[in-house]
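K.L.:
Take the sequence shown: its letter number 8 is residue 8 in full-length UniProt numbering, and every next letter is one higher. Backbone N, C-alpha and C define an ideal beta-carbon position, used for all residues, glycine too. The structure follows.
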Amino acid sequence: MSKILLIRTTVADAASADRLARQIVEERLAACATFAAARSVYRWLGKVETNDETEILFKTTLDRAALLKARIAALHSYELPVIEAWEAQVDPVVADWVYGATGDL
């Protein structure tokens, strides 16, 4: 198995997710982005809020992580975007694709 990095964030809607993901993939900071509908309950400014959001899961390399997180933060529409990251073990063929798609191969 080989290691890649998964980075997740949520945005307000599918259109925002598409714009952010497309920009990130075009810049070769991630090999791909996968979307999922999400419903979030959170405390913000002293109130409990509930909103529908779109989750984006990016597949990238360990070397691209810092750049990708910074770029998500720069392009994100939220005042406080949550950006989570963790390593994943994948088949070497998948890792080769991720590294090739991000220009690290």
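State the Cα-Cα distance for the pair K3 and D18, rounded to the nearest angstrom.
P.N.:
The residue given as residue 3 occupies position 3 in the sequence shown. The residue given as residue 18 occupies position 18 in the sequence shown. Cα to Cα, K3 sits roughly 26 angstroms from D18.
K.L.:
Spatial neighbours of S77 within its chain, please: C-beta separation below 8 angstroms, excluding the five flanking residues on both sides.
P.N.:
Taking the sequence shown and counting its residues from 1, one reaches residue 77 at position 77. Taken in chain order, the residues that qualify are V11, A12 and S16.
K.L.:
Could you tell me if K47 is buried or exposed, where buried requires 16 or more neighbouring beta carbons within 10 angstroms of its beta carbon?
P.N.:
Numbered from 1 along the sequence shown, position 47 holds the residue referred to as residue 47. Looking at its Cβ environment, which holds fewer than 16 other Cβ atoms inside 10 Å, K47 is exposed.
K.L.:
For a quick check, are the C-beta atoms of A70 and I7 less than 8 angstroms apart?
P.N.:
Position 70 of the sequence shown, counted from the start, is the residue given in the question as residue 70. Position 7 of the sequence shown, counted from the start, is the residue given in the question as residue 7. Going by C-beta atoms, A70 is not nearer than 8 angstroms to I7.
K.L.:
Quick one: what does DSSP say E27 is sitting in, helix, strand or coil?
P.N.:
Looking up residue 27 in the sequence shown gives position 27. Coil at E27, not helix or strand.
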